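Step one of this worksheet: look at the structure below.
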Amino acid sequence: MTALWRRWFVQRDDALLADADICVKCGLCLPHCPTYKQTQDENESPRGRIALIQAWANGQLDASEKLLGHLDNCLLCRSCERVCPAVVPYSRLIDNFRSRRYLRGEASLALSLMKKVSHNKAVNRLAQKSLKFYQAGRLQKAARVLKLPELLHLDTIDRLLPEYHEPMPMQTYYAAQKHHKGDVGLFVGCMGQLLDHETVNAAVKLLTAIGFNVHVPEQQACCGALALHDGDRETAEQLAAINCRAFSGYSLEAIVTIASGCGSRLQEYQQTEFAGKVIDISRFLMQYAEKNLAERLLPLDATVCVHTPCSLKNVMRSEKEVAMLLRQIPGIAIKALPETIPCCGSAGSYMLDHAEMAQALLGDLLAVALEKQPGYLVSSNIGCALHIAAGLRERGIALEVLHPVALLARQLKA
Ligand code: SF4
Ligand code: SF4
């Protein structure tokens with residue numbers, strides 16, 4: 057369809073235009089955009105992408121591969137949204153645009169697999185068993201030598217897999233260890249349960265230690281961020297409804313999240329009663345831990361580099377609490393990455409389908425992080441942590457990457 061034909065005969069997409077037209081084209085967001093910084097291409101900037109959406113929604117441009125490519129390349133890091141003086145709802149705009157383009161049927165095998173594991177509990181359980189078989193034996197090593205992951209186009213997933221650890225069986229309820237202060241729900245997320253048992257256990261240990269009963273409803277599902285950012289609004293809304301049902305029926309002080317990527321999605325559910333209770337675990341611990349928390353922690357003589365995920369900074373707006381919390385550990389030295397460091401490139405499923413950009417951004421981040429010569433690197437989002445840890449392994453650098461509460465829990469006195 058030619059652009060001229062579209063312009064005269066195709067109906068304008070007024071819903072998209074209402075959001076896009078808020079942009080005054082000032083360009084203040086450009087220096088904050090990771091893809092623009094890497095490419096210096098206006099089409100790869102927030103302002104450029106908004107202009108492309110406007111032109112498409114007005115019928116002036118076709119949805120060509122080139123146009124879709126520029127819009128797919130957006131990390132949805134929301135750095136632009138944070139600095140925009142006109143308050144353009146940029147993430148809503150991109151999500152809505154992608155939902156118009158959904159069902160193009162072009163998802164890679166890696167992304168399709170990730171979505172299946174995230175959205176389907178039976179597949180998630182099967183993945184847990186398969187990982188044990190794949191990683192605990194020598195199969196992974198053999199497959200890598202034979203370059204099977206590359207041949208199957210699954211190398212972008214294979215590189216992320218951390219060392220295998222036997223999962224601890226999860227209970228649905230853990231009682232406060234002392235002076236009961238209230239009850240909380242713990243959102244563990246689909247990947248947390250699969251790949252980050254230490255953080256899940258650390259969260260339970262710390263929350264019960266400061267006096268909270270912890271409920272971990274079995275029915276909870278994926279937060280829906282993967283589906284939403286891929287344009288599949290229907291699945292995203294179904295998952296939101298499942299999670300709201302799963303956490304209803306308890307009298308909860310808060311719904312605590314251990315992955316800011318999930319937390320940022322949960323905080324934006326339309327179900328405001330649920331969304332209003334969602335809080336990142338570091339912020340929760342800072343709010344509710346006793347003033348003398350430091351007395352309950354063993355000293356740690358180490359430098360810790362703090363990576364702040366975009367979702368924690370730009371959406372949950374809880375970027376300060378991680379460093380404040382870790383400073384409670386006697387002897388620790390905290391070195392946060394500068395605020396100007398852009399997205400690490402993981403961005404949900406982005407690292408699977410945009411490996412080149414994801415690697416370029418990771419390379420920049422690691423160069424700055426390693427200058428600080430840390431003993432640990434902490435990140436509050438599992439996707440970022442896996443991507444950064446994979447980058448370190450690929451460079452032969454032995455630096456442990458973990459969630460801040462995992463580090464804190466290791467230091468908690470028995
Ligand atoms: S998105 Fe906001 S900051 Fe960027 S050009 Fe538009 S109005 Fe300016
Ligand atoms: S969300 Fe991030 S990558 Fe996308 S346009 Fe905004 S700043 Fe750039």
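To convert a position in the sequence shown, counted from 1, into my numbering, add 56. All residues carry an ideal CB built from backbone N, CA and C; glycine is no exception. All of these numbers come straight from a predicted model, not from anything done at the bench.
How close, in whole Å, do the beta carbons of residue i and residue j come, if the pair is a contact with beta carbons under 8 angstroms?
i: Leu117; j: Phe153; result: The pair is not a contact, with the Cβ atoms about 12 angstroms apart (cut-off 8 angstroms).
i: Gln467; j: Ile337; result: Not quite, the Cβ-Cβ distance comes to about 15 angstroms (not below 8 angstroms), so this is no contact.
i: Asn218; j: Leu442; result: Per the sequence shown, the amino acid found at residue 218 is Pro instead of Asn. With a Cβ gap of about 7 angstroms, Pro218 and Leu442 count as contacting.
i: Ala292; j: Asn437; result: About 18 angstroms; that fails the 8 angstroms criterion.
i: Glu456; j: Tyr432; result: 5 angstroms
i: Ala142; j: Ile106; result: Contact doesn't hold; Cβ gap of about 10 angstroms is too wide.
i: Lys188; j: Tyr220; result: 6 angstroms
i: Val371; j: Pro394; result: No, Val371 and Pro394 are not in contact; Cβ-Cβ is about 20 angstroms, not under 8 angstroms.
i: Pro90; j: Leu131; result: 6 angstroms
i: Lys428; j: Lys391; result: 4 angstroms
i: Ala465; j: Ala258; result: 3 angstroms
So is the beta-carbon of residue i under 7 angstroms away from any non-hydrogen atom of ligand 2?
i: Cys130; result: yes
i: Cys82; result: no
i: Cys136; result: yes
i: Tyr190; result: no
i: Cys400; result: no
i: His285; result: no
i: Tyr146; result: yes
i: His88; result: yes
Using a threshold of 7 angstroms, is the CB atom of residue i nearer than that to any non-hydrogen atom of ligand 1?
i: Arg103; result: yes
i: Ala142; result: yes
i: Ile438; result: no
i: Ile106; result: yes
i: Tyr92; result: no
i: Tyr220; result: no
i: Cys79; result: yes
i: Cys133; result: no
i: Cys85; result: yes
Looking at the structure shown, is residue i part of a helix, part of a strand, or coil, going by DSSP?
i: Gly238; result: strand
i: Lys203; result: coil
i: His363; result: strand
i: Thr313; result: strand
i: His459; result: coil
i: Trp64; result: For Trp64, the pLDDT reaches just 49, beneath the cut-off of 50, and the residue's location in the model is therefore unreliable, although a value from the coordinates is still provided. Trp64: helix per DSSP, three-state reduction.
i: Val378; result: helix
i: His271; result: strand
i: Pro355; result: coil
i: Ser405; result: coil
i: Leu159; result: Note that Leu159 has pLDDT 46, beneath the 50 cutoff, so the model's placement of it is unreliable and the number below is only indicative. Here Leu159 sits in coil by DSSP.
i: Asp481; result: Outside the displayed range of the chain (57 to 470) lies residue 481, so it cannot be described from this structure.
i: Asp336; result: strand
i: Ile438; result: helix
i: Lys391; result: strand
i: Leu468; result: strand
i: Leu117; result: coil
i: Leu341; result: helix
i: Leu433; result: strand
i: Tyr92; result: helix
i: Tyr229; result: strand
Indicate, with yes or no, if ligand 3 has a heavy atom lying under 7 angstroms from the CB of residue i.
i: His410; result: Within the structure as shown, ligand 3 is missing, the only ligands being ligand 1 and ligand 2.
Tell me whether the segment 233-252 and the segment 315-324 touch, counting them as touching only if at least three CB pairs, one residue from each stretch, are closer than 8 angstroms. yes
Per the contact definition of three or more C-beta pairs closer than 8 angstroms, is the segment 209-218 in contact with the segment 166-182? yes
Contact between the segment 135-154 and the segment 67-77 is defined here as three or more beta-carbon pairs at a separation below 8 angstroms; is this criterion met? yes
Inter-stretch contact at 8 angstroms, needing at least 3 Cβ pairs: the segment 397-408 / the segment 127-136: yes
Any 3 or more C-beta pairs closer than 8 angstroms across the segment 267-277 and the segment 189-206: no
Between the segment 257-267 and the segment 332-346, do at least 3 Cβ pairs fall closer than 8 angstroms? yes
Does the segment 322-330 come within contact of the segment 292-309, defined as at least 3 CB pairs closer than 8 angstroms? yes
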